[in-house]
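Here the sequence shown is numbered in the working numbering, starting from 4 and rising by one per residue.
C-beta atoms are modelled at their ideal positions from N, C-alpha and C, and glycine is treated no differently.
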Amino acid sequence: MNSASITANGTTGNEKSRGNLALEYRQRMRRRSLLLVGLLGLTIVSLVINLTSGPANLPFATLWQAVTSPEQLSGGTAVILWDIRLPVAVLAICVGAALGLAGAEMQTMLNNPLASPFTLGISGAATLGAAIAIVFQPSFGAIPSHYVEATFAFIAAALAISLILSLARFYGASVGVVVLFGITLYFAMNALIWLLQYISNDDAMTQIVFFSMGSLSRATWPKIMLISAVLVISLLLSMRYAGAMTVLRNGEDHARSIGINVKRLRLQVLLKVSLLTAVAICFVGEIGFIGLVAPHISRMLLGENQRLYMLGSALVGGLLLSIAAILSKVVIEGVILPIGIVTAMIGIPLFCTLVITRARTL
C-alpha cells in the first residue's frame with residue numbers, strides 16, 4: 004500500500020494535508036489582515052483623541068460639528084482645531100510611521116533585533132547634519148531652510164549607516180558589537196552636537212536644543228506633505244522587495260543562492276532608511292525608541308511575512324507616537340512636554356527588557 008493512501012473520496016493523504024495547510028494559511032492571513040485593520044482603526048482613534056485633548060479641551064461634539072457644520076464654529080475654535088492641532092496630530096502619525104518602517108528595515112537587513120535609527124546612532128547623525136545646517140546656514144538660492152536641513156540630515160544619516168554596514172560586513176562583527184558600535188556612534192554624534200551648541204549664537208542654540216528634545220510644535224502642511232510623500236514611496240518600495248527581505252531572514256547565503264542581489268538590496272535599504280530618518284528627524288527633532296519598539300510589536304502580532312511586518316511596523320510606529328503626543332499634553336496640566344521626553348519614558352523600560360532577554364546572545 005502506498006504511503007500516500009487513498010481515502011474514500013479518492014483524494015490522497017498528501018493532498019488532504021496540503022489542503023489543510025492551505026486552509027490554515029488563509030485563516031492565518033485573514034487574522035493578520037484583521038489585525039492590520041485594527042491597528043489602522045486604533046491609529047484613527049488616537050488621532051481623534053489627539054484633536055480633542057490639550058490645554059483648551061474640545062469635546063467630541065465640537066469635533067463632530069467641525070466636520071459636519073464647520074461654518075458654525077467660532078473663529079478661535081477653528082484656528083485651534085484646524086491650524087494647530089490637526090497638523091500636529093497628522094505629523095505625529097507620519098513621523099512615527101516613518102521611524103517604525105525604518106527600524107523594521109534595519110532589523111531585517113542587519114538581522115539584529117536591537118537595530119533602530121536611535122540605537123545605532125542614525126538619528127543622532129541626522130540631528131548632527133541638521134545642526135550643521137542651522138549653525139552655518141548654507142544658502143542654496145530660494146530653497147527654504149528646512150529643506151536644506153533635511154538634505155544635510157540625509158547626508159549625515161547615510162554616512163552613519165554606511166559606516167555601520169561596513170563594520171558588519173568587512174570586519175565580521177557580531178550582533179552585539181554592531182549595537183555597541185552604534186551606541187558609541189550615538190554618543191560621538193552627541194558630543195559634536197554639544198560642540199556646535201557651544202560655538203553657536205543664541206538663536207541657533209535654541210533650535211539645536213529643540214532638535215535634541217523633539218517637538219511637534221512646528222508642524223505645517225508643507226512638511227506633512229513632504230514626509231507623507233517619502234513615506235508612501237518608501238512603503239511601495241518595501242512592498243516591492245518584501246519577498247526578497249523575507250528570504251533574507253534565512254541568511255544572506257540562502258538569499259544569494261536563489262538569485263537575490265543582496266548588495267543592491269542593502270544599498271536600497273540604506274538609502275531608504277537614511278531618507279526616512281532624515282526627513283522625520285529634521286522636522287520634529289530627535290525621537291527615540293519608536294523605531295526600536297514598533298517593529299517588535301509588529302513582529303509579535305503579524306509574524307515574519309515582510310509585507311505585513313513592514314505595514315504593521317509603520318502603523319504601530321504612528322500609533323505609538325500619536326499616543327505619546329496625547330500623553331505629552333495630559334501628563335502635566337497646562338504644559339506640553341517635548342515629545343522626545345515622553346517617548347524616552349515609554350521606550351527605556353521596553354529597551355531594557357529587550358536587552359535583558361537578549362543578554363545571552365549578546
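>> For Tyr150 and Glu307, what's the separation of their Cα atoms in angstroms?
In response: 36 Å
>> Please return the same chain residues whose Cβ sits closer than 7 Å to the Cβ of Leu304, not counting the five positions on each side in sequence.
In response: Taking C-beta separations shorter than 7 Å and ignoring five residues to either side along the sequence, the partners of Leu304 in its chain run Leu38 and Gly315, following chain order.
> Ala283 and Val98: beta carbons closer than 7 Å?
Replying inline: yes
> Which one of Ile137, Ser36, Cys285 and Arg31 has the shortest CA to CA distance from Ser203?
Replying inline: Ile137
> Using DSSP with H/G/I as helix, E/B as strand and the rest coil, what is Gln309?
Replying inline: helix
>> For the pair the segment 57 to 66 and the segment 249 to 266, tell me if three or more CB-CB distances fall below 8 Å.
In response: Taking a cut-off of 8 Å for Cβ pairs, the segment 57 to 66 and the segment 249 to 266 do not touch, as fewer than three such pairs fall below it.
> Curious, which full-length alpha helix (DSSP H) runs of at least 4 residues does the segment 300 to 346 contain?
Replying inline: The segment 300 to 346 is shown to contain whole alpha helix (DSSP H) runs of 4 or more residues at 309 to 333, in chain order.
> Can you tell me the Cα-Cα spacing of Ser56 and Val91, whole angstroms?
Replying inline: Note on geometry: alpha-carbon atoms of Ser56 and Val91 lie some 12 Å from one another.
> Apart from the five residues on each side of it in sequence, which residues of its chain come closer than 6 Å, Cβ to Cβ, to Leu199?
Replying inline: Hits under 6 Å: Ala134 and Val138.
>> Quick check on Asn53: does DSSP put it in helix, strand or coil?
In response: helix
>> For Ser218, tell me which candidate among His299, Ile290 and Leu188 has the shortest Cα-Cα distance.
In response: Closest in alpha carbon position to Ser218, among His299, Ile290 and Leu188, is Ile290.
> Should Thr209 go down as buried or exposed, given a rule of 16 or more other Cβ atoms within 10 Å for buried?
Replying inline: Per the 10 Å Cβ criterion, exposed.
> CB-CB under 8 Å to Ala247, same chain, minus the five flanking residues each way: which ones, in chain order?
Replying inline: Ala258, Ile263 and Leu268
> Short check: CB of Ala297 to CB of Leu323, under 7 Å?
Replying inline: yes
> Do you know how far the Cα of Val333 is from the Cα of Leu195?
Replying inline: 34 Å
> Which value, in whole angstroms, describes the spacing of the CA atoms of Met242 and Arg310?
Replying inline: 6 Å
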